[in-house]
Amino acid sequence: MEEKICPSAEDFLKKELKKHTGIKDIRFILAIGSGKGGVGKTTVSAILALALKKSGYSVGIFDLDFYGPNLNLVLGINKHPFIEFGKIKPVSFNNLKILSLALMISEKEPIFMRGLMATKLLQELLQSVDWGPLDFLILDLPPGTGDIFLSTLDFFNPEGFILVTTSHKLALSDAKRTISILKENYIPVLGVVKNMAGFFEDE
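Residue numbers for the sequence shown follow our numbering, beginning at 65 and rising by one.
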C-alpha cells in the first residue's frame, strides 16, 4: 500500500521550500490551465494579469508552456530578460513582470525536450529567476496534465487554480479529469472559465 504524507505536513514543507527560491516574496500564486489545448488559456492569463494590475496589484506572468510559448505574441512583447547578479530578471512591460521561453530564444529556433528535461528546466528557472516582491504571479501552464503540470503543482504550490475550457464535450471531459487531479493534490479550484461559448454546434 502506498504511503502518503498528510496534507498539512506536505503543505508546510512546500511553503518552507518556497522561502529559498525566486518566488519567496510573492503573496499569491495562481495557476491557469486547461485539459485541452486551443481553448484560450494564455489569453485568459493575460487578461487576468492586466485586470489585477489595473486594480492596483503588482503582477507577474510566467509562461510555462515550454513546448509552445506564445505569451509574448498575445501581449506584443519583443524584449529579452537580462541577467543581474547571477539572477534572471523578467521583462517589464506595462508594469507587468513577464517571463517566457519565447523571449529567451530565437523565434525560428525549434523547441524540443523530453519530460525530464522540461522538469529540470522548470527547477532551474524556479531557482534562478528573481521576481522580486509581487502581489500575484500568474502561471500560464501548458495544456494537459503532463510532467510540467504536475511539477508546477509540486514546485510552486499555487494558492489557487483557474481552469479554462470550452463547451465542447471533449474539452469538458478533459476539464473534469483535471479537476480530479487538482483535488488529489489539494489545490483549490477558484473557478472555471467557459471560453468561446457559442462556437460549437453540440453545446
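Backbone N, C-alpha and C define an ideal beta-carbon position, used for all residues, glycine too. In this text, all values refer to a predicted model and were calculated from it rather than measured experimentally.
Taking C-beta atoms under 8 Å as the contact rule, Asp211 and Thr242 fail to qualify, at a distance of about 15 Å. A Cβ-Cβ contact shorter than 8 Å links Gly99 with Ala239. Taking C-beta separations shorter than 8 Å and ignoring five residues to either side along the sequence, the partners of Val103 in its chain run Pro207, Val228, Thr229, Thr230, Ala235, Asn259, Met260, following chain order. Remark: C-beta atoms of Ile251 and Leu214 do not approach each other more closely than 8 Å. Here the alpha carbon of Ile202 sits roughly 23 Å from the alpha carbon of Glu148. In this structure Ile175 is exposed. Its beta-carbon is surrounded by fewer than 16 other beta-carbon atoms within 10 angstroms.
Thr209 sits in coil when the DSSP states are folded into three classes, being neither helix nor strand. Sorting Gly196, Val257, Leu254 by C-alpha distance to the C-alpha of Thr85 places Gly196 at the top. Under the three-state reduction of DSSP, Arg91 is assigned to strand. Taking C-beta separations shorter than 7 Å and ignoring five residues to either side along the sequence, the partners of Pro145 in its chain run Ile152, Lys153, Pro154, Val155, Leu163, Leu167, Met168, following chain order.
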